[in-house]
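In full-length UniProt numbering, the protein residues as written are 1 to 208.
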Amino acid sequence: MQQTDDYSILLQRAIDAFSSLPGVGRKSALRLALFLLKQDKGFTHRIVDSLRDFVDGIQYCERCHNISDEVVCKICSDTGRDASTLCVVESVRDVMAIENTGQYTGLYHVLGGIISPMDGVGPADLFLQDLPKRVVDEGIKEVILALSTTMEGDTTNFYIYRMLKDLPVKISAIARGVAIGDELEYADDLTLGRSILQRIDFSDTLRR
């Protein structure tokens, strides 16, 4: 690719901005910048306004930590959901992946990550401490552990199990239909949906 030193300073700034996004190299960034340049200014302004509204207006649900337009997200506010079941996931993307299966109608609890000592992430860095209180206060009957099938995911599952094992709640784990080492967001809908429907008692996994 041609050196960008000869480009307009404004074009260079646009390329720098686009190439800072995941998966966007400088060639792709240049194509995006030139594409926008060819469009009506109103088109680009609408994109900019949408991004600004998103960044300034998006918030995290005070109950489940999913992204939301309001203090409480649409899933938590939906009275048609099964309020007795709580699915614990690593990220917002996992909520979206599970919702896409159409096989789960309960509530969620988004941790915001998983325990990973190698990355300097401990329990205090996640939304873990409010989980037992939520189980008790909301009368949750079943907690489904739906974390990635990695060593870090297993570590986090066990940590949660120890937090909740003395509470009157069933603790389940999704079936191992998702391949070892995989993250939920990359599993196909059919496999992920089947893993949720065929979930097992978490204590059974400790005997294997």
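Quick reminder that beta carbons are idealized off the backbone N, C-alpha and C, glycines included.
Own chain partners of residue i with C-beta closer than 8 Å, once the 5 adjacent residues on each side are dropped
i, result
"Asp82", "Thr105, Gly106, Leu107"
Distance between residue j and residue i (C-alpha atoms, nearest Å)
i, j, result
"Gly120", "Thr205", "27 Å"
"Asp189", "Thr150", "19 Å"
"Asp53", "Ser19", "22 Å"
"Val48", "Thr156", "38 Å"
"Ile160", "Leu192", "21 Å"
"Ser148", "Ile200", "16 Å"
Cβ-Cβ distance between residue i and residue j below 7 Å
i, j, result
"Arg63", "Cys76", "yes"
"Cys87", "Cys73", "no"
"Ile171", "Val135", "no"
"Gln103", "Ile9", "no"
"Ala173", "Leu145", "yes"
"Ile15", "Arg26", "yes"
"Gln59", "Ser68", "yes"
Cβ-based neighbour list, residue i, same chain, cut-off 6 Å, excluding 5 preceding and 5 following
i, result
"Lys141", "Ser84"
"Ala179", "Low confidence applies here, because Ala179 scores a pLDDT of 47, under 50, leaving its location unreliable; read the following figure in that light. Nothing meets the Cβ criterion."
"Ile98", "Tyr104"
Anticipated Cβ contact below 8 Å, residue i with residue j, distance rounded
i, j, result
"Gly139", "Asp125", "With a Cβ gap of about 28 Å, Gly139 and Asp125 do not count as contacting."
Within-7 Å CB hit, residue i to chain D
i, result
"Gly57", "Absent from the structure: chain D. Only one protein chain is present."
Residue i Cβ short of 6 Å to the ligand ZN heavy atom set
i, result
"Ser19", "This structure simply doesn't include the ligand ZN, nor any ligand for that matter."
Close Cβ partners of residue i (< 7 Å) along its chain, the five nearest in sequence each way excluded
i, result
"Leu11", "Ala33"
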